[in-house]
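Protein chains: 2
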Amino acid sequence: MKRSLKLRAVVSPTPTIIAAAYDENGKADACTLAFYTPTSHVPPCLTIAINATAKRKTLKSILHSGAFTIGYPNVDQATEADWIGIASGYDHDKIAEVGWTTTKAEKVNAPVINELKLSIECKVVNIVTIGSHTQITAEVVNIQSDEDILDERGKYSLEKLRPLIYDEEKRRYLAAGEKVADAFKVGLAFRRGESRL
Amino acid sequence: MKRSLKLRAVVSPTPTIIAAAYDENGKADACTLAFYTPTSHVPPCLTIAINATAKRKTLKSILHSGAFTIGYPNVDQATEADWIGIASGYDHDKIAEVGWTTTKAEKVNAPVINELKLSIECKVVNIVTIGSHTQITAEVVNIQSDEDILDERGKYSLEKLRPLIYDEEKRRYLAAGEKVADAFKVGLAFRRGESRL
Numbered sequence: 031m032k033r034s035l036k037l038r039a040v041v042s043p044t045p046t047i048i049a050a051a052y053d054e055n056g057k058a059d060a061c062t063l064a065f066y067t068p069t070s071h072v073p074p075c076l077t078i079a080i081n082a083t084a085k086r087k088t089l090k091s092i093l094h095s096g097a098f099t100i101g102y103p104n105v106d107q108a109t110e111a112d113w114i115g116i117a118s119g120y121d122h123d124k125i126a127e128v129g130w131t132t133t134k135a136e137k138v139n140a141p142v143i144n145e146l147k148l149s150i151e152c153k154v155v156n157i158v159t160i161g162s163h164t165q166i167t168a169e170v171v172n173i174q175s176d177e178d179i180l181d182e183r184g185k186y187s188l189e190k191l192r193p194l195i196y197d198e199e200k201r202r203y204l205a206a207g208e209k210v211a212d213a214f215k216v217g218l219a220f221r222r223g224e225s226r227l
Numbered sequence: 031m032k033r034s035l036k037l038r039a040v041v042s043p044t045p046t047i048i049a050a051a052y053d054e055n056g057k058a059d060a061c062t063l064a065f066y067t068p069t070s071h072v073p074p075c076l077t078i079a080i081n082a083t084a085k086r087k088t089l090k091s092i093l094h095s096g097a098f099t100i101g102y103p104n105v106d107q108a109t110e111a112d113w114i115g116i117a118s119g120y121d122h123d124k125i126a127e128v129g130w131t132t133t134k135a136e137k138v139n140a141p142v143i144n145e146l147k148l149s150i151e152c153k154v155v156n157i158v159t160i161g162s163h164t165q166i167t168a169e170v171v172n173i174q175s176d177e178d179i180l181d182e183r184g185k186y187s188l189e190k191l192r193p194l195i196y197d198e199e200k201r202r203y204l205a206a207g208e209k210v211a212d213a214f215k216v217g218l219a220f221r222r223g224e225s226r227l
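Protein chains in written order, with this note's numbering: chain S, 31 to 227; chain A, 31 to 227.
Structure (structure tokens):
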């Protein structure tokens, strides 16, 4: 039995990421976001959406500088990530308040948060405002990772990155769970004409 | 110690969703996607990105019909979801092959996959192609849910929806994990000036 629910931009589950940019004075701003997705393989691009109707200093800084980084907070950084999503950069020096530090990115004019183990340097290529949010698509021009989350092939492991998943419906953070199946593989059972039962 | 990684559109972790649309003959197409995010609260909108350089019949169907649904496969549907992401609708009747069925959506001209417990009906409002992928932003005009994933307040539970998380880096599906913290709450420790240690 299907039932219609109250309309909302269903956002469960989504990754939790922190976007960071320099303001016009070169000060690092950051905000925690759930509205994020990769959007192109060639060249590699990603898109974030930030509320344009609210007080969002990081949005202004990204539009000013044309660059930002995104980083993945881990399950031990939920408190810091949550505060960076709650407070406004107009009123708080959020990065300093949570005890974090930044270094200028290698390829773009944006801050990398040193305490995040995986950071992506992004150059803005498209901006469009639809509804309440501004969508910013950016090309990935560098990815920085801590060594300790990489395997011998240079691939990071979610078991070591331990990213935060956001559950908007119940307003909570979750960890990523156990492996269910191999992608681009388990489904081949249907090509072989096998029943999965 | 930070290290630069090979460039890619880092997509770990992302939700796994299935987009469905009618082609010009009214036949239901579907494809599994990891490039998806909510993008506006007011009105509720979401954005998907589909590879425009590859054979993607569902993309053509969405551009033709101006509407689609997205649905959430669960951990028991990884095999079906994977096949719908592997095969092309030009060569396969994927929905029938996995034993699924569709019903016309209530508010848009698009198919709802009956076997998915949460489906969102979407009306296309913006299209832009950046890099290899076409980004389609759509307004959420209806959400259909099976009763058995809802709580008494009409909110769905990820513990009952059991969505698939996609890990591009290791090409596998994961389950959502355990609760880490309450969002918009745990971070307030910093407002109170408390140390979290």
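We put the CB at the ideal spot given by N, CA and C, even for glycine.
Test: residue i CB closer than 9 angstroms to a CB of chain A
i	result
Arg38/S	yes
Lys32/S	yes
Asp197/S	yes
Asn139/S	no
Lys185/S	yes
Lys90/S	no
Asp123/S	no
Gly207/S	yes
Ser118/S	no
Glu136/S	yes
Ile48/S	no
Gly161/S	yes
Three-state class that DSSP yields for residue i in the structure shown
i	result
Lys57/S	coil
Asp121/A	coil
Glu105/A	One point to set straight first is that residue 105/A is Val, not Glu, in the sequence displayed. Here Val105/A sits in helix by DSSP.
Glu199/A	coil
Lys153/S	strand
Gly207/A	strand
Arg226/A	Only weak support exists for where Arg226/A lies, its pLDDT of 49 falling under 50; the value from the coordinates is given anyway. Arg226/A: coil per DSSP, three-state reduction.
Glu136/A	coil
Ala126/A	helix
Ala213/S	coil
Ala39/A	coil
Ala111/A	helix
CB contact below 9 angstroms: residue i versus chain S
i	result
Glu110/A	yes
Thr132/A	no
Val15/A	As shown, chain A starts at 31 and ends at 227. That puts residue 15/A outside it, with no answer to give.
Glu145/A	no
Arg226/A	Below a pLDDT of 50, predicted positions are generally treated as unreliable, and Arg226/A, at 49, falls in that range; the measurement from the model is reported next regardless. Chain S, which has a Cβ nearer than 9 angstroms to the Cβ of Arg226/A, makes this yes.
Ile114/A	yes
Ser175/A	yes
Arg86/A	no
Leu93/A	no
Glu182/A	no
Nearest-angstrom beta carbon gap, residue j and residue i [assumed within contact, 8 angstroms]
i	j	result
Leu194/S	Pro103/S	6 angstroms
Ala49/A	Phe98/A	5 angstroms
Gly207/S	Val72/A	The pair is not a contact, with the Cβ atoms about 32 angstroms apart (cut-off 8 angstroms).
Arg192/S	Ala205/S	7 angstroms
Glu199/S	Ser42/S	5 angstroms
Cross-chain neighbours of residue i in chain C, by beta carbon under 7 angstroms
i	result
Thr99/A	Checking the listed chains, one finds no chain C in this structure; the protein chains it contains are S and A.
N-terminal and C-terminal residue of the beta strand (DSSP E) that residue i is part of
i	result
Ser95/S	Not the beta strand (DSSP E): Ser95/S falls in the alpha helix (DSSP H), residues Lys87 to Ser95.
Ala79/A	Cys75 to Asn81
Pro141/S	Pro141 to Ile143
Thr69/S	Tyr66 to Ser70
Val170/S	His163 to Asp176
Ala50/A	Ile47 to Tyr52
Continuous alpha helix (DSSP H) stretch holding residue i: start and end
i	result
Arg33/S	Unbroken run through Arg33/S is the beta strand (DSSP E), Lys32 to Ser34; no alpha helix (DSSP H).
Glu189/A	Leu188 to Leu191
Ala219/S	Leu218 to Arg221
For the segment 50–83 of chain A, list every residue whose C-beta sits within 9 angstroms of some C-beta in chain S, in sequence order.
Under the 9 angstroms Cβ criterion, the segment 50–83 of chain A contributes Thr62, Ala64, Phe65, Tyr66, Thr67, Pro68, Thr69, Ser70, His71, Val72, Pro73, Pro74, Cys75, Leu76, Thr77, Ile78, Ala79, Asn81 and Thr83.
Taking Cβ-Cβ distances below 8 angstroms as the criterion, which residues of the segment 209–224 of chain A are in contact with chain S?
Lys209, Val210, Ala211, Asp212, Ala213, Phe214, Lys215, Val216, Gly217, Leu218, Ala219, Phe220 and Arg221
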